[in-house]
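Numbering (our numbering), first residue to last: -11 to 105. Glycine included, each C-beta is placed from N, C-alpha and C at the ideal position. Structure record follows, encoded as structure tokens.
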């Protein structure tokens, strides 16, 4: 694992830092409804991503994971959904790299980058 040295170079460490968790503030789509408290952890991950968010209004949602080529590797449709969403998405069988979590609401899209190590 490589880290940036405060003096401008890189150095290596055999130890891993603990997981970092954060909550993304409410994402309000212009003129539309909100997805609140979007949380994806751990990110980066080796296999499982936990996704949580809150839909503040009743709405149709589509949750997808897309690779960098644009292929959909996971999809879930939620009809008339309101409340808290919690899901573990297993991407262990997919190659390492960058993927995108895409949440489509009635009036727009919220995106989050996922990294498989």
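Extent of the continuous beta strand (DSSP E) run through residue i
i: residue 52; result: 36 to 55
i: residue 83; result: No beta strand (DSSP E) contains residue 83, which DSSP labels as neither H nor E.
i: residue 99; result: 96 to 104
Which listed residue (the options) has its alpha carbon closest to that of residue i
i: residue 54; options: 40, 48, 79 and 72; result: 79
i: residue 66; options: 31, 33 and 74; result: 74
i: residue 46; options: 57, 72 and 63; result: 72
i: residue 77; options: 29, 68 and 49; result: 29
i: residue 119; options: 91, 38, 97 and 87; result: This structure cannot speak to residue 119, because the chain is shown only from -11 to 105.
Backbone CA spacing between residue i and residue j [nearest angstrom]
i: residue 26; j: residue 82; result: 23 angstroms
i: residue 93; j: residue 50; result: 7 angstroms
i: residue 62; j: residue 52; result: 5 angstroms
i: residue 23; j: residue 59; result: 24 angstroms
Beta-bridge pairing of residue i - partner residues as DSSP gives them
i: residue 64; result: 51
i: residue 71; result: 43
Spatial neighbours of residue i in its chain, beta-carbon cut-off 8 angstroms, leaving aside the 5 residues before and after
i: residue 105; result: 32, 33, 34 and 84
Chain-order list of residues whose beta-carbon lies under 6 angstroms from that of residue i (same chain, five-residue window excluded)
i: residue 43; result: 69 and 70
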